[in-house]
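Using the working numbering, the first residue of the sequence shown is number 3, and each one after it goes up by one.
Glycine included, every Cβ here is placed at the ideal spot set by N, Cα and C.
As the structure is a computational prediction, the values presented were derived from the model and not from experiment.
Worksheet: one structure, shown below.
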Amino acid sequence: MTTPLIIDTDPGVDDAFALALAAASPEVDLVGVTTTFGNVGLERTTRNALGLLALLGRADVPVAAGADRPLVHAQPSLSSAHGSDGLSGFAGTLPPAGAPDPRDAVALLADLLGASDRPVVIAAVGPLTNVALLLAAHPSLKPKIERLVVMGGAIGAGNISPRAEFNAWCDPEAARRVLVVEDVPTTLVPMDLTMRCSVDGPWLDAVGAASEVGRVLVGLTADYREAYRGLLGWDGMALHDAVAVAEAVRPGLLGTRRLPVEVDCGYGPGRGSLLVDERLEARDAGRVDVAVDVDVAGLRGWLSERLSGL
Numbered sequence: 003m004t005t006p007l008i009i010d011t012d013p014g015v016d017d018a019f020a021l022a023l024a025a026a027s028p029e030v031d032l033v034g035v036t037t038t039f040g041n042v043g044l045e046r047t048t049r050n051a052l053g054l055l056a057l058l059g060r061a062d063v064p065v066a067a068g069a070d071r072p073l074v075h076a077q078p079s080l081s082s083a084h085g086s087d088g089l090s091g092f093a094g095t096l097p098p099a100g101a102p103d104p105r106d107a108v109a110l111l112a113d114l115l116g117a118s119d120r121p122v123v124i125a126a127v128g129p130l131t132n133v134a135l136l137l138a139a140h141p142s143l144k145p146k147i148e149r150l151v152v153m154g155g156a157i158g159a160g161n162i163s164p165r166a167e168f169n170a171w172c173d174p175e176a177a178r179r180v181l182v183v184e185d186v187p188t189t190l191v192p193m194d195l196t197m198r199c200s201v202d203g204p205w206l207d208a209v210g211a212a213s214e215v216g217r218v219l220v221g222l223t224a225d226y227r228e229a230y231r232g233l234l235g236w237d238g239m240a241l242h243d244a245v246a247v248a249e250a251v252r253p254g255l256l257g258t259r260r261l262p263v264e265v266d267c268g269y270g271p272g273r274g275s276l277l278v279d280e281r282l283e284a285r286d287a288g289r290v291d292v293a294v295d296v297d298v299a300g301l302r303g304w305l306s307e308r309l310s311g312l
């Protein structure tokens, strides 16, 4: 039996690969997509999500626009490694797409959860504003959530500040609500792990050569790959959000430890950073399953196989 899956996202190049993986995976039934501000503004992320689903042959999936800003404090506007349109300037290569669902993201999430006769997995791969608002507004629906799979945060070095990862930094108060205050089963896939799963140029070229969908998908990566060339020192890129969706599709794919997590919501240099208690005595003392291990070669091979079959 397939698992109902909702993806909350801010497309984004790696988000595009995450959506493609969900569309290519028979283990899950992609029942909805909600969008948030993040890699680019909300209007653009929503248009990107609609276009990507059209490319993937899943224009039937409802897409609802959500938060266009954080819960409390707007962060500084920064240039995006994803390009001005979120897709390296190539969003125009996506097929024409329809209109978003008239409901907002929280309403769509609540309706999908309420109508489902099976527990639903939510893969949240952008800032956590929509998910925080859902849990605050509809606490009675929490039992309908089988698991949250969150891409965000960093145990060690960040990517937007010395300790903060972009998604958590965008809305620390929302991240704290989801990861600390609430009690929904949660798997956190931090940047430390997703960076280890970066893919190289030949991997991307093989996916692009496998199908027309793959060609368009890989064609969206130019700006993102250029940004990562400076970080990695070689042609490639991180597939952050696709790694989280991989765990949503195949539970247990990533090795996890249940650890206490805190989020810095102060206004100093640590804002948006995570404090993950990794002491031996803290093991199993928390409620968040933090992904700490993965068979990198196995994951890359499986992702390539799935994406090449589109």
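Here's the rule I'm using: 16 or more other beta-carbon atoms within 10 Å means buried, otherwise exposed. How should His23 be labelled? Before going on, a small fix: residue 23 reads as Leu here, not His. Classification of Leu23: buried, given that the 10 Å Cβ count is 16 or more.
Sequence-distant residues of its chain with Cβ nearer than 8 Å to Ala208 (five each side left out): Ser306 and Ser310
Using 8 Å for Cβ pairs, my map puts Pro174 next to Arg273. What's the rounded Cβ distance? 6 Å
Do the CB positions of Thr38 and Leu32 come within less than 8 Å of each other? no
How would you call Trp236, buried or exposed, if buried means at least 16 neighbouring beta carbons within 10 angstroms? exposed
Would you say Val30 and Leu7 are within 8 Å of each other, going by their C-beta atoms? yes
Confirm, please, whether the CB-CB distance from Leu256 to Val296 is below 8 Å. yes
Which ranges does the alpha helix (DSSP H) cover as unbroken runs of at least 4 residues, wholly within the region 157 to 219, from first to last along the chain? 168 to 172, 174 to 178, 193 to 198 and 203 to 212
Nearest-angstrom Cα separation, counted from Glu184 out to Arg120: 21 Å
Let's test the definition: count the other Cβ atoms within 10 Å of the Cβ of Ala139 and tell me whether it reaches 16, buried, or not, exposed. exposed
Look up Pro141 in the DSSP assignment and say whether it is helix, strand or coil. helix
Segment limits, alpha helix (DSSP H) that includes Thr47: Leu44 to Leu57
Relative to the ligand GTP, is the shortest distance from any of its heavy atoms to the C-beta of Leu233 smaller than 7 Å? Of the ligands one can find in the structure shown there are none, so the ligand GTP has no counterpart to examine.
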